[in-house]
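Colleague:
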Amino acid sequence: MHGDDRDLDDASGSARRLIRELRQRLEGLHRAGVRDLPRPNWIEPVRTDDPVPPIFPQAPAAAAGHAVEQPPRPAGDLPTRKPAPGPALAATSLFQEPGFETAPLPLVERPSILRVLAEEVAICTKCANLAATRTQTVFADGSPTARLMFIGEAPGADEDRTGIPFVGRAGQLLTDMITKGMGLKRQDVYIANILKCRPPENREPSGEEAANCLPYLERQIDIIRPEFICLLGRVAVQYLLGTTLSMGKLRGKWYRYQGIPTIVTYHPAYLLRNPVAKKDAWEDLQILMNAMGLPVPSRKKGQD
Ligand code: SF4
24 MHGDDRDLDD
34 ASGSARRLIR
44 ELRQRLEGLH
54 RAGVRDLPRP
64 NWIEPVRTDD
74 PVPPIFPQAP
84 AAAAGHAVEQ
94 PPRPAGDLPT
104 RKPAPGPALA
114 ATSLFQEPGF
124 ETAPLPLVER
134 PSILRVLAEE
144 VAICTKCANL
154 AATRTQTVFA
164 DGSPTARLMF
174 IGEAPGADED
184 RTGIPFVGRA
194 GQLLTDMITK
204 GMGLKRQDVY
214 IANILKCRPP
224 ENREPSGEEA
234 ANCLPYLERQ
244 IDIIRPEFIC
254 LLGRVAVQYL
264 LGTTLSMGKL
274 RGKWYRYQGI
284 PTIVTYHPAY
294 LLRNPVAKKD
304 AWEDLQILMN
314 AMGLPVPSRK
324 KGQD
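Here my numbering is used: the first residue of the sequence shown is 24, the next is one more, and so on.
1) Any heavy atom of the ligand SF4 closer than 7 Å to the beta-carbon of Val139?
2) Given Ala180, which residues of its chain have a CB within under 8 Å of its CB, disregarding the five upstream and five downstream residues?
3) Return yes when at least one heavy atom of the ligand SF4 lies under 7 Å from the C-beta of Leu308, else no.
4) Out of Ala145, Glu232, Lys276 and Ile244, which has the shortest C-alpha to C-alpha gap to Ile214?
5) Could you give the uninterrupted runs of the alpha helix (DSSP H) lying entirely in the region 241–281, keeping only those of 4 residues or more?
6) Between the C-alpha atoms of Pro127 and Lys301, what's the straight-line distance to the nearest angstrom?
7) Let's see if you can read the secondary structure: which residues bound the alpha helix (DSSP H) around Val139?
8) Short of 7 Å in beta carbon distance, which residues of its chain neighbour Thr156, apart from the five on each side in sequence? Order them along the chain.
9) Once DSSP output is grouped into helix, strand and coil, what is the label at Met172?
10) I'd like to confirm the pairing. Which residues does DSSP put opposite Asp164 in its beta bridges?
11) DSSP three-state label for Ile286, please.
12) If I follow the unbroken alpha helix (DSSP H) through Met291, where does it start and stop?
13) Which of the three DSSP states, helix, strand or coil, is assigned to Asp73?
14) Run the CB neighbour count on Ile146, radius 10 Å, all protein chains shown included, and call it buried at 16 or more, exposed below.
15) According to DSSP, is Lys208 part of a helix, a strand, or is it coil?
16) Are the beta-carbon atoms belonging to Leu218 and Ala234 less than 8 Å from one another?
17) Short of 7 Å in beta carbon distance, which residues of its chain neighbour Pro284, apart from the five on each side in sequence? Order them along the chain.
18) According to DSSP, is Gly191 helix, strand or coil?
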């Protein structure tokens with residue numbers, strides 16, 4: 024090969040790398056909700072009558088830096104999530120590619136992209152009543168590179184006060200399930216809720232509130248791309264898998280959310296009210312641990 028050819032090869036290789044890195048960066052910003060970028064003042068405006076194509080052609084029009092408003096769904100209407108390959112409730116093989124359209128973000132970029140999204144959530148007022156009564160939003164807790172993501176319902180009083188999900192009594196039980204049950208550290212998983220704001224009197228989220236807030240959770244999942252999801256309780260199942268079947272009917276099987284193997288178990292608050300169900304939750308965790316390749320310890324008597 025001639026020196027000129029080598030130079031050309033090097034140059035095109037660098038250009039390809041640059042384009043790939045630029046694309047990943049833009050996809051990351053898009054997932055964080057950024058729909059427009061400021062134009063540096065040294066770039067001349069394009070002189071054409073044609074409209075300038077958007078950076079992300081599929082993105083709906085939105086004000087710069089703000090979430091696209093979702094049309095509210097009537098209360099009780101179950102939202103249909105983006106269809107994963109195959110029916111949402113098909114318990115099939117775990118060995119299936121996730122159903123995302125874009126490549127995963129580089130691990131190193133995830134914390135900053137999540138921070139941008141958290142800042143957007145912190146000023147969200149899509150649910151006027153919740154925004155008026157919350158102390159603060161409760162975005163998430165845990166690792167942006169977690170293999171496993173837990174998703175619950177909504178913040179309670181302790182979470183509203185601290186800004187961290189699952190820190191009250193139910194949160195302590197979830198922490199025990201993660202640490203004592205699964206042998207993981209809480210900071211190694213990622214924990215989020217369907218709603219980022221506390222519903223007054225700890226009532227159940229309305230369909231409209233869930234529809235307003237779900238896009239944030241969808242973006243969190245898209246950014247983190249966990250290998251496994253564990254849905255905690257009926258409300259998380261209802262809005263992520265789109266079913267109102269009882270927990271008793273849904274437990275013990277694998278489902279898929281965006282192609283990600285997803286298992287369901289009881290919400291820790293339910294387990295506090297019904298300690299007898301802890302053995303069922305432990306069975307669910309063992310299924311999860313087996314799939315994750317984690318050692319399953321034998322349960323000692325009295326640990327339920
Ligand atoms: S619950 Fe979600 S959508 Fe509603 S105001 Fe809070 S952050 Fe916004």
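We put the CB at the ideal spot given by N, CA and C, even for glycine.
Modeller: For this structure:
1) Val139 Cβ: outside cutoff for every heavy atom of the ligand SF4.
2) Correct list, in chain order: Gly191, Arg221 and Asn225.
3) No, the Cβ of Leu308 stays beyond 7 Å of every heavy atom of the ligand SF4.
4) Of the candidates Ala145, Glu232, Lys276 and Ile244, the one whose C-alpha sits nearest the C-alpha of Ile214 is Ile244.
5) Complete alpha helix (DSSP H) runs here, min 4: 257–264 and 270–273.
6) If I take the Cα positions, the gap works out to 35 Å.
7) Residues Arg133 to Ala145.
8) Here the set comprises Pro223.
9) When secondary structure is reduced to three states using DSSP, Met172 falls in the strand class.
10) Paired residues: Ile214.
11) Three-state result, Ile286: strand.
12) Note that residue 291 is Pro in the sequence shown, not Met. For Pro291, the enclosing alpha helix (DSSP H) stretches over residues Pro291 to Arg296.
13) At Asp73 the pLDDT is 37, less than 50, meaning the model places this residue with poor confidence; the figure from the coordinates comes in the next sentence. Shown here, Asp73 sits in coil according to DSSP, grouped into three states, outside any helix or strand.
14) Ile146 should be labelled exposed.
15) Three-state DSSP puts Lys208 in coil, outside helix and strand.
16) The Cβ atoms of Leu218 and Ala234 do not sit closer than 8 Å to each other.
17) Listed in chain order, the non-local C-beta contacts of Pro284 below 7 Å within the same chain comprise Leu117, Phe251, Trp277 and Ala314, local neighbours out to five positions each way being set aside.
18) Three-state DSSP puts Gly191 in coil, outside helix and strand.
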